[in-house]
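S.K.: For reference, the structure I am asking about is given below.
Number of protein chains: 2
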Amino acid sequence: MDFIRIDFIIIITFCIKGNIMTSFELFNHISEELDQVEEQLINNVQSDLSILENASTHLVKAGGKRLRPAFALLSAKIFSPSVQDVIPLATALELIHMASLVHDDVIDNSSLRRGRETVKSAWGNRMSIYAGNFVFARAILLAESYHRSDIVDVLADASMRICEGEIQQMVSCYDTQQGLKDYLHRIERKTALLIAVSCQLGAMVMNAETREITALKRYGYYLGMAFQITDDILDFTASEEVLGKPVGSDIRQGVITLPSIYAIKFDQRGQELKTLLASPESCAERAEEIIDIIISSDGIEYAYQVTKKYADLAIRQLQFLPDVSVRKALADMACFISGRDF
Amino acid sequence: MDFIRIDFIIIITFCIKGNIMTSFELFNHISEELDQVEEQLINNVQSDLSILENASTHLVKAGGKRLRPAFALLSAKIFSPSVQDVIPLATALELIHMASLVHDDVIDNSSLRRGRETVKSAWGNRMSIYAGNFVFARAILLAESYHRSDIVDVLADASMRICEGEIQQMVSCYDTQQGLKDYLHRIERKTALLIAVSCQLGAMVMNAETREITALKRYGYYLGMAFQITDDILDFTASEEVLGKPVGSDIRQGVITLPSIYAIKFDQRGQELKTLLASPESCAERAEEIIDIIISSDGIEYAYQVTKKYADLAIRQLQFLPDVSVRKALADMACFISGRDF
């Protein structure tokens, strides 16, 4: 069991590092387009107000894996090698993600995000709220440039659901009664939805057929679920250097994720863990102890199995798509996230 | 001079009270539609997540003057007695305004807004941020229901400018170097723009001609400027009961408005005032003293004159519109806000 866990930790550690991910050539199909998205991100946070532009540019330059643009571009590439039309959408998707991150910074009191100072720590809470709002409104303007109601509809609706997911996370802190279903529902809104929408909209911009759009939306949904569970596992197992944020930050903030839910229910120290996780004080002060209990339970392995199941479901959706080389890249992404083939 | 000021304070006191305003029958033309907007506001903040729905409903029920819906409806009524089509837009405009208020609450540490507890004081900072984002995304969805890119474009662009105005206000706190131009530029973005857009979009939904849309947009802009200056005057002169928020809250937070800018420059105690306003400590602890200096200067009268000028400019735009009875109501609004005829 230990062997599997260590092996998995190494795999996932590779997984989360954006640069290593791209060095695995998963994004080779879209590297030029991703460079263009990077350029567009900078162009789209310009403002007459230099303090706002600086804060937003800081946000862009903090980097990130650009997963949402990548999924939109890869999904579009299923249908045509030329996906220039998807650049504004891909940019908008990353801006929406960035807006949620910068608002999250206000809330979490995080001082580090992706290894750099956050907008909040550099400019204060107020700037973070406004920079997030500014960047979100810009995303809507970009999406509107397609003159297609269906695109803005999907994005605005997803944005509402993301808010709901954030609130669900907030109200479920220190709630040790929550079960698997609560957790899955929460990460669905918090993460999977925007990845699903990225795939869906990439196909929609290319005017794909309804069944293909649905398949890609589902692929994105399942992959997003796998991605978030992996992310939650890494909060226990990765190093701060790999993670780009402090290890155990979920526990410290009372965010109860899948490994904890499993360990509470099935580990022999479950009751002890439950008591610790229900208390903000012990979460803050005894985080290492809590993490040790979870690491030594089967919670991490269980979460890994769930990740793998979602990755399988994602891959299964690909059968409804044309058999082009980029379809293989989408399958590789799912394998990569679930750590299956490495 | 004292007589004029007292007279003006009474007028403005009437002005700001939403209920009294409607009892002046300014909104008679659109009272039924405003009731529908009220209903739609409640309908549009529904969520599966009861805590989010409660927070958003609380926000709706806190009331407000519904000025932006009123301006959209009145502008539309210039062109047809039947303005049912404008209800979703009017609702979206109020939701955008509400989103900016709820985010403002986080920032200002206000515990009272319109005489009721704020979402923040009832549910905490995090809920305020998410409720604001949720309500804003809903507004975009509503605006999208027209399937018209120009409408969403105008709203998203205005939302970006509103953020800029909020940031300008933030960075100009305690800045006693700012002049009239800085102030006007800031309130233009913070307030006038959304009122301008309300009038503009009301006309656009009714497919008015370009010159009519422009006239209404300008009317809204000038009226919005007059409205914000009035609001800034009232922060010195009105009672907490009338204002629905603590008197002198601008001063306490270092927000320097037109009466202060005038008094710093022209009053004999200008230098003393400048020193007081530049210090967060004296703004917080010696607010009454600061308010007394400004009240006894000509700053209030000067601001009133500027309000009057903007109201005149607003009224002048009305000549480009059909001479229907609702046009008179728009003129009355401007007179009312500048306190001219009362």
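Each protein sequence line maps, in turn, to chains D and W.
Position 153 of the first sequence, counted from 1, bears residue number 153 in the numbering used here, the numbering being contiguous throughout.
Position 215 of the second sequence, counted from 1, bears residue number 557 in the numbering used here, the numbering being contiguous throughout.
Each residue gets a CB set at the ideal place from its N, CA and C atoms; glycine is no exception.
(1) Runs of 4 residues minimum, wholly inside the stretch 142–200 of chain D: which ones carry the alpha helix (DSSP H) assignment?
(2) Any beta-carbon of chain D closer than 7 Å to the one on Y472 (chain W)?
(3) Could you tell me the alpha carbon to alpha carbon distance between R161 (chain D) and V171 (chain D), rounded to whole angstroms?
(4) Does any C-beta atom of chain W lie closer than 7 Å to the C-beta of L318 (chain D)?
(5) Can you tell me whether R628 (chain W) is helix, strand or coil according to DSSP?
(6) Indicate whether the contact test is met: 3 or more Cβ pairs, each with one atom in the stretch 507–525 of chain W and one in the stretch 388–398 of chain W, closer than 8 Å.
(7) Using the three-state DSSP reduction, which class does S23 (chain D) fall into: helix, strand or coil?
(8) Which runs of the alpha helix (DSSP H) spanning at least 4 residues fall entirely within the stretch 211–245 of chain D, listed in chain order?
(9) Using a C-beta to C-beta distance shorter than 7 Å, which residues of chain D count as neighbours of D499 (chain W)?
(10) For S172 (chain D), would you say it is in contact with chain W, using Cβ-to-Cβ distances shorter than 7 Å as the test?
(11) Apart from the five residues just before and just after G165 (chain D), which ones in its own chain have a Cβ nearer than 8 Å to its Cβ?
(12) Can you tell me the Cα-Cα spacing of Q595 (chain W) and M567 (chain W), whole angstroms?
(13) Output yes if chain W places a C-beta closer than 7 Å to the C-beta of H58 (chain D); else output no.
(14) Using a Cβ-Cβ cutoff of less than 7 Å, which residues in the same chain neighbour P322 (chain D) once the five nearest sequence positions on both sides are dropped?
(15) Okay, do the stretch 286–294 of chain D and the stretch 313–321 of chain D touch, 3+ Cβ pairs below 8 Å being the bar?
(16) Taking C-beta pairs closer than 8 Å, name the residues in chain W that C283 (chain D) reaches, listed in chain order.
(17) How many angstroms separate the CA atom of E627 (chain W) from the CA atom of I593 (chain W)?
(18) Hey, would you say L184 (chain D) sits closer than 7 Å to C199 (chain D), going by beta carbons?
(19) Hey, how far is the Cα of E272 (chain D) from the Cα of Y174 (chain D)?
(20) Taking only three categories from DSSP, how would you classify Q659 (chain W)?
(21) Does chain W have any CB closer than 7 Å to the CB of I167 (chain D)?
(22) Interface residues of chain W around L95 (chain D) at Cβ under 8 Å?
(23) Per DSSP, what kind of secondary structure is G248 (chain D) in: helix, strand or coil?
(24) Using a Cβ-Cβ cut-off of 7 Å, state whether S667 (chain W) counts as contacting chain D.
(25) Please go through the same chain and pick out, in chain order, the residues whose beta-carbon is closer than 7 Å to the beta-carbon of I384 (chain W), but skip the five residues on each side of it.
(26) Y561 (chain W) to L672 (chain W), Cα distance in whole Å?
(27) Quick test of the definition: if touching needs 3 or more C-beta pairs under 8 Å, does the stretch 229–240 of chain D touch the stretch 90–106 of chain D?
(28) Comparing C-alpha positions only, which one of D:R327, D:I295, D:Y262 sits nearest to G248 (chain D)?
(29) Give the residues from the stretch 200–217 of chain D that approach chain W closer than 8 Å (Cβ to any Cβ), ordered along the chain.
(30) Using only the alpha-carbon positions, how far apart do I293 (chain D) and T257 (chain D) sit?
(31) Whether or not the stretch 368–375 of chain W and the stretch 408–416 of chain W are in contact is what I'm after, with contact meaning three or more pairs of Cβ atoms, one per stretch, closer than 8 Å; do they touch?
(32) Between A90 (chain D) and the rest of its own chain, which residues show a CB-CB distance below 6 Å, the 5 nearest in sequence each way excluded?
(33) Might you give, ordered along the chain, the residues of its own chain that have their beta carbon closer than 7 Å to the beta carbon of N361 (chain W), omitting 5 neighbours on each side?
(34) Can you have a look at Q661 (chain W) and say buried or exposed, based on whether 16 or more other CB atoms are within 10 angstroms of its CB?
(35) In chain W, what lies closer than 7 Å to I51 (chain D) by C-beta?
(36) Looking at the structure shown, is V37 (chain D) part of a helix, part of a strand, or coil, going by DSSP?
M.R.: Straight from the coordinates:
(1) 149–171, 180–187
(2) Locating residue 472 (chain W) in the second sequence gives position 130, where the first residue counts as 1. Answer yes: the Cβ-Cβ gap between Y472 (chain W) and chain D drops below 7 Å somewhere.
(3) Position 161 of the first sequence holds residue 161 (chain D). Position 171 of the first sequence holds residue 171 (chain D). If you take the alpha carbons of R161 (chain D) and V171 (chain D), they lie about 15 Å apart.
(4) Here residue 318 (chain D) corresponds to residue number 318 of the first sequence, with the count starting at 1. Taking Cβ atoms only, chain W never reaches closer than 7 Å to L318 (chain D), which makes this a no.
(5) Here residue 628 (chain W) corresponds to residue number 286 of the second sequence, with the count starting at 1. Of the three classes helix, strand and coil, the one that applies to R628 (chain W) here is coil, per DSSP.
(6) no
(7) Here residue 23 (chain D) refers to the residue found at position 23 when the first sequence is read from its first residue. Annotation note: pLDDT 34 at S23 (chain D) (below 50); position unreliable, coordinate value reported separately. Reduced to three states, the DSSP call for S23 (chain D) is helix.
(8) 240–243
(9) Here residue 499 (chain W) is taken as the residue at index 157 of the second sequence, counted from 1. Correct list: L141.
(10) Taking the first sequence and counting its residues from 1, the one referred to as residue 172 (chain D) is at position 172. Not an interface residue.
(11) Taking the first sequence and counting its residues from 1, one reaches residue 165 (chain D) at position 165. Correct list, in chain order: R186, I187, E188, R189, K190, T191, L193.
(12) The sequence position of residue 595 (chain W) within the second sequence is 253, counting from 1. The sequence position of residue 567 (chain W) within the second sequence is 225, counting from 1. Whole-angstrom Cα-Cα distance: 21 Å.
(13) Here the question's residue 58 (chain D) lines up with position 58 in the first sequence. Not closer than 7 Å to any Cβ of chain W, the Cβ of H58 (chain D) fails to qualify, so no.
(14) By one-based count along the first sequence, residue 322 (chain D) stands at place 322. Excluding residues within five positions, the ones whose Cβ falls inside 7 Å are I78.
(15) no
(16) Start at 1 with the first residue of the first sequence, and residue 283 (chain D) comes out as number 283. Ordered by position in chain W, no residue passes the 8 Å Cβ test against C283 (chain D), which lies about 17 Å from the chain.
(17) The sequence position of residue 627 (chain W) within the second sequence is 285, counting from 1. The sequence position of residue 593 (chain W) within the second sequence is 251, counting from 1. Whole-angstrom Cα-Cα distance: 10 Å.
(18) Working through the first sequence from its first residue, we reach residue 184 (chain D) at position 184. Working through the first sequence from its first residue, we reach residue 199 (chain D) at position 199. Taking 7 Å as the Cβ cut-off, L184 (chain D) and C199 (chain D) do not qualify as a contacting pair.
(19) The residue you call residue 272 (chain D) lines up with position 272 of the first sequence. The residue you call residue 174 (chain D) lines up with position 174 of the first sequence. So the alpha carbons of these two residues sit roughly 14 Å apart.
(20) Here residue 659 (chain W) is taken as the residue at index 317 of the second sequence, counted from 1. Of the three classes helix, strand and coil, the one that applies to Q659 (chain W) here is helix, per DSSP.
(21) As a first step, residue 167 (chain D) is located in the first sequence; it is residue number 167 there, counting from the start. Closer than 7 Å to some Cβ of chain W, the Cβ of I167 (chain D) qualifies, so yes.
(22) Translated into the one-based positions of the first sequence, residue 95 (chain D) becomes position 95. The premise fails here: L95 (chain D) is roughly 12 Å from chain W at the closest Cβ pair, so nothing lies under 8 Å.
(23) On the first sequence, residue 248 (chain D) is found 248 positions in, with the first residue counted as 1. In the structure shown, G248 (chain D) sits in coil (DSSP, three-state: anything other than H, G, I, E or B).
(24) Stepping through the second sequence from its first residue, residue 667 (chain W) is reached at position 325. Closer than 7 Å: no.
(25) What you label residue 384 (chain W) is simply residue 42 of the second sequence in a count that begins at 1. Around I384 (chain W): T399, V402.
(26) Within the second sequence, residue 561 (chain W) is the residue found at index 219, counting from 1. Within the second sequence, residue 672 (chain W) is the residue found at index 330, counting from 1. Whole-angstrom Cα-Cα distance: 9 Å.
(27) no
(28) Here residue 248 (chain D) refers to the residue found at position 248 of the first sequence. It is D:I295.
(29) none
(30) Indexing the first sequence from 1 puts residue 293 (chain D) at position 293. Indexing the first sequence from 1 puts residue 257 (chain D) at position 257. If I take the Cα positions, the gap works out to 14 Å.
(31) yes
(32) As a working mapping, residue 90 (chain D) is identified with position 90 in the first sequence. Within the same chain, A90 (chain D) has close Cβ partners V37, P69, A72, L73.
(33) In the second sequence, counting from the first residue as 1, residue 361 (chain W) sits at position 19. Note that N361 (chain W) scores 38 on pLDDT, short of 50, meaning its location in the model is unreliable; the coordinates nonetheless yield the value given after this. Within the same chain, N361 (chain W) has no close Cβ partners at all.
(34) Translated into positions along the second sequence, residue 661 (chain W) becomes position 319. Label assigned to Q661 (chain W): exposed.
(35) Counting from one through the first sequence, the residue named residue 51 (chain D) turns up at place 51. Neighbours of I51 (chain D) on chain W, chain order: I509, V513.
(36) In the first sequence, counting from the first residue as 1, residue 37 (chain D) sits at position 37. Three-state result, V37 (chain D): helix.
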